[in-house]
Amino acid sequence: MTKNGGFMIVVRAPLRLSFVGGGTDLPVFYTKYPGRVISTTIGAYVYIVVNRTTFINEISVRYSVAERVRHPSELKHTRVRAALMEMGITRGIEIASFADMPAKTGLGSSSSFSVALMKALHMYQGENISPRRAAEAACRLEIDLIKEPVGKQDQYAAAYGGFNVFEFNEGSVSVAPLSLDHRLKISLEQHLALFFTGITRDASSVLVEQTANTEKKFEILKEMSDSVFEFRDNVMRGNIRRLGEMLHEGWMRKKQLASSISSSVIDTLYETGINSGAWGGKVLGAGGGGCIAFLVSQKYREEMRRKIIDAAETMNLNGFKEINVPFTQCGTEILSSDRGLED
Amino acid sequence: MFSFLEKFSEEVIGCIQRMPRDEIAKALNALMAVFERDGRIYIFGNGGSLALATHWISDFNKTVFTAQLHKATRRFQAIRLPTTEEELTAWANDVGYEWVFAGPLQNYLQYSDLVIAISSSGNSLNIIKAVEFAKSKGVTVIGISGFDGGKLNELADIKITIATEKGKYEVVESVHGVILHLMTRYFKDYFTSLVSRKKE
Chain A
32 MTKNGGFMIV VRAPLRLSFV GGGTDLPVFY TKYPGRVIST TIGAYVYIVV
82 NRTTFINEIS VRYSVAERVR HPSELKHTRV RAALMEMGIT RGIEIASFAD
132 MPAKTGLGSS SSFSVALMKA LHMYQGENIS PRRAAEAACR LEIDLIKEPV
182 GKQDQYAAAY GGFNVFEFNE GSVSVAPLSL DHRLKISLEQ HLALFFTGIT
232 RDASSVLVEQ TANTEKKFEI LKEMSDSVFE FRDNVMRGNI RRLGEMLHEG
282 WMRKKQLASS ISSSVIDTLY ETGINSGAWG GKVLGAGGGG CIAFLVSQKY
332 REEMRRKIID AAETMNLNGF KEINVPFTQC GTEILSSDRG LED
Chain B
3 MFSFLEKFSE EVIGCIQRMP RDEIAKALNA LMAVFERDGR IYIFGNGGSL
53 ALATHWISDF NKTVFTAQLH KATRRFQAIR LPTTEEELTA WANDVGYEWV
103 FAGPLQNYLQ YSDLVIAISS SGNSLNIIKA VEFAKSKGVT VIGISGFDGG
153 KLNELADIKI TIATEKGKYE VVESVHGVIL HLMTRYFKDY FTSLVSRKKE
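Chains as they are written, first to last, in this note's numbering: chain A, 32 to 374; chain B, 3 to 202.
Below, the structure is given as structure tokens:
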């Protein structure tokens with residue numbers, strides 16, 4: 032039956048929340064000093080569905096637009112085009128993507144997309160690749176093939192899932208999972224407040240400026256990379272107040288890296304959070320928009336939430352939303368594949 | 003007689019104190035991950051290990067959700083293989099004893115699943131066959147073994163080996179029981195605290 036029947040593969044990749052060390056995963060830095068990032072995946076996902084269409088020779092790709100072409104080289108979607116060309120898939124495939132969050136929120140969704148895509152395309156060719164290979168394939172796609180000026184933390188976070196410390200060196204990436212028990216996990220979730228500003232930005236423009244500034248800001252990036260260990264130790268101790276303070280210090284450092292990392296809207300939201308009792312916070316992703324996260328005591332949490340929401344309303348932030356999601360463990364996985372296991 | 007009691011408890015206590023904590027923590031994370039993706043857990047072993055597997059699925063499918071038995075919309079889906087004596091004897095009699103786990107596993111296994119294999123020696127051929135099948139599909143395997151861990155310890159992604167001299171089945175199986183109950187308690191506590199958090 033599978034001889035000319037189709038099959039469908041559904042792959043799910045989580046988004047991530049990075050705490051400390053973002054920016055040190057760029058090659059301009061980690062080729063000189065180890066880059067480090069600590070992050071957790073969250074219960075929000077990107078889905079890729081791949082369908083083999085044995086009776087249709089064309090290639091069909093559906094995201095915010097629908098493309099239908101005769102050869103992958105004609106695709107406008109750069110990543111899907113490069114991925115299909117790389118994998119030698121030239122006909123009879125439909126690819127569609129779905130997501131729980133809009134793009135460009137700073138939660139790493141564009142790399143979650145790449146990891147899910149590469150996992151799905153390898154499965155399409157009959158191989159269930161490991162988290163490491165899925166991360167490497169996504170990095171190769173984004174960095175080597177398309178030459179996006181991005182780092183590697185998001186691909187690894189999405190592929191592995193869970194709370195991890197990643198270390199980036201030239202030619203290697205190490206992954207050290209934190210053995211965070213559920214008490215600590217729930218406690219961290221209860222002290223976290225996460226908001227989508229409604230402003231979306233392209234990571235590239237900020238990252239280009241950041242890359243150009245790396246020489247000058249080398250010492251700051253070194254501090255950021257080293258502070259990952261202290262952050263990890265405080266996570267394991269449940270010292271959330273200190274984690275909040277460290278986020279604050281990290282954000283102050285990050286703001287020095289590129290002029291476009293912050294904006295007056297971001298600064299207003301951030302100051303509102305700090306002035307209403309948050310221990311600290313940060314803007315997620317490369318900056319300029321996206322999400323803003325705070326760590327705050329249970330005592331001030333409600334009051335702080337209200338004030339942030341009021342501030343967003345005052346500034347007319349369309350699309351502003353509070354995000355309430357758990358920290359998760361599951362990485363990028365094949366949720367379903369009706370391709371026979373022996374096929 | 004008391005010195006015998008003393009010696010046996012010391013052996014068991016020693017093994018509990020030396021249990022591979024990092025690997026057990028990894029196993030708990032892997033179980034959480036399979037819950038999040040709504041996958042299934044297949045568990046199997048020979049003799050006493052099969053009894054442990056059967057005991058564990060009852061705890062994992064029900065006891066873990068004690069605080070919300072009638073409300074939990076998602077639960078663990080733990081399945082002991084083979085699921086019936088008929089399957090066990092059919093595979094053993096018709097095909098060969100080495101197929102009693104790998105045979106049924108091939109009927110069920112999906113990419114979102116997880117496999118737990120229990121073997122004190124780590125070398126039971128039927129266990130290894132099933133583990134090799136799961137590995138060939140890229141499915142995560144938790145290996146629970148004893149003695150020197152055997153082939154299971156080499157193959158498993160998560161290696162829970164209770165290291166003892168060869169042949170100490172009673173000690174190894176007792177500690178396996180402790181580890182499986184540890185997993186049950188961990189998730190029972192977790193789901194109970196989620197319920198009390200909602201009530202706050």
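A virtual CB, placed ideally from N, CA and C, is assigned to each residue, including glycine.
C-alpha distance - residue i paired with residue j, whole-angstrom precision
i: residue 328(A); j: residue 173(B); result: 47 Å
i: residue 228(A); j: residue 336(A); result: 13 Å
i: residue 298(A); j: residue 136(A); result: 17 Å
i: residue 203(B); j: residue 87(B); result: Only positions 3 to 202 of chain B appear in the structure, and residue 203(B) is not among them; the question remains open.
i: residue 243(A); j: residue 320(A); result: 20 Å
i: residue 225(A); j: residue 331(A); result: 15 Å
i: residue 195(A); j: residue 86(A); result: 44 Å
i: residue 375(A); j: residue 354(A); result: Any question about residue 375(A) goes unanswered here, given that chain A covers just 32 to 374.
i: residue 339(A); j: residue 50(A); result: 20 Å
i: residue 372(A); j: residue 41(A); result: Because residue 372(A) sits at a pLDDT of 44, beneath the cut-off of 50, its placement in the model cannot be relied upon, and the following sentence gives the value as read from the coordinates. Their backbone Cα atoms lie some 15 Å apart in a straight line.
i: residue 368(A); j: residue 37(A); result: 11 Å
i: residue 64(B); j: residue 95(B); result: 33 Å
i: residue 48(A); j: residue 18(B); result: 36 Å
i: residue 216(A); j: residue 193(A); result: 11 Å
i: residue 164(B); j: residue 118(B); result: 15 Å
i: residue 313(A); j: residue 302(A); result: 11 Å
i: residue 38(B); j: residue 359(A); result: 8 Å
i: residue 143(A); j: residue 134(A); result: 11 Å
i: residue 286(A); j: residue 179(B); result: 53 Å
i: residue 277(A); j: residue 252(A); result: 14 Å
Close Cβ partners of residue i (< 6 Å) along its chain, the five nearest in sequence each way excluded
i: residue 104(B); result: 131, 132, 135
i: residue 190(A); result: 146, 162, 165, 166, 362, 363
i: residue 158(B); result: 143, 145
i: residue 118(A); result: 152
i: residue 94(A); result: 128
i: residue 350(A); result: 229
i: residue 173(A); result: 145, 179, 181
i: residue 112(A); result: 103, 106
i: residue 366(A); result: 41, 43
i: residue 275(A); result: 310, 311, 326
i: residue 306(A); result: none
i: residue 93(B); result: 101, 102, 105
i: residue 71(A); result: 48, 194, 358
i: residue 81(A); result: 40, 126, 151, 155
i: residue 82(B); result: 45, 55, 56, 59
Contact set for residue i: own chain, Cβ-Cβ below 7 Å, skip 5 residues either direction
i: residue 346(A); result: 296, 299
i: residue 187(A); result: 166, 197, 204, 206
Bridge partner(s) assigned by DSSP for residue i
i: residue 83(A); result: 124(A)
i: residue 207(A); result: 196(A)
i: residue 17(B); result: Paired residues: none, contrary to the question.
i: residue 99(A); result: 91(A)
i: residue 145(B); result: 119(B), 161(B)
i: residue 44(B); result: 81(B), 117(B)
Chain-order list of residues whose beta-carbon lies under 8 Å from that of residue i (same chain, five-residue window excluded)
i: residue 218(A); result: 269, 271
i: residue 61(A); result: 55, 199, 200, 201
i: residue 62(B); result: 43, 78, 80, 185, 186, 189
i: residue 121(A); result: 90, 102, 103, 115
i: residue 152(B); result: 121, 123, 124, 125
i: residue 85(B); result: 106
Output needed in chain order: residues of the segment 47-81 of chain B with a Cβ under 8 Å from some Cβ in chain A. none
List, from N- to C-terminal side, the alpha helix (DSSP H) runs of 4 residues or more that fit wholly inside the segment 167-191 of chain A. 184-191
Output needed in chain order: residues of the segment 113-139 of chain B with a Cβ under 7 Å from some Cβ in chain A. For the segment 113-139 of chain B, which is checked against every Cβ of chain A, the residues closer than 7 Å are 113, 114, 139.
Which residues, in order along the segment 84-110 of chain B, keep a beta-carbon less than 7 Å from a beta-carbon of chain A? Listed by position along the chain: nothing, the set is empty.
Interfacial residues, the segment 171-199 of chain B to chain A, with Cβ spacing under 8 Å: So the close ones are 188, 191, 192, 195, 196, 199.
Quick one, which residues of the segment 334-361 of chain A are near chain B if we go by CB-CB under 8 Å, in chain order? 359, 360, 361
Let me know the beta strand (DSSP E) ranges lying completely inside the segment 39-88 of chain A, each 3 residues or longer, listed in chain order. 39-51, 66-83
Positions along the segment 148-177 of chain A whose CB lies within less than 9 Å of some CB in chain B: 154, 158, 159, 160, 161
Along the chain, which unbroken stretches of the beta strand (DSSP E) at least 3 residues long are found entirely within the segment 47-118 of chain B? Counting whole runs of 3 or more residues, the segment 47-118 of chain B contains the beta strand (DSSP E) stretches 80-82.
Short of 8 Å Cβ to Cβ, which residues in the segment 195-221 of chain A face chain B? 208, 210, 212, 213, 214, 217, 221
Under 7 Å (Cβ pairs) to chain E, residues found in the segment 32-46 of chain B: Given the protein chain composition of this structure (A and B), no chain E is represented.
Which full runs of the alpha helix (DSSP H) of 4+ residues lie inside the segment 257-341 of chain A, going along the chain? 271-286, 295-306
Residues of the segment 128-142 of chain A whose Cβ lies closer than 8 Å to any Cβ of chain B, in chain order: Cβ contacts with chain B come from no residue of the segment 128-142 of chain A.
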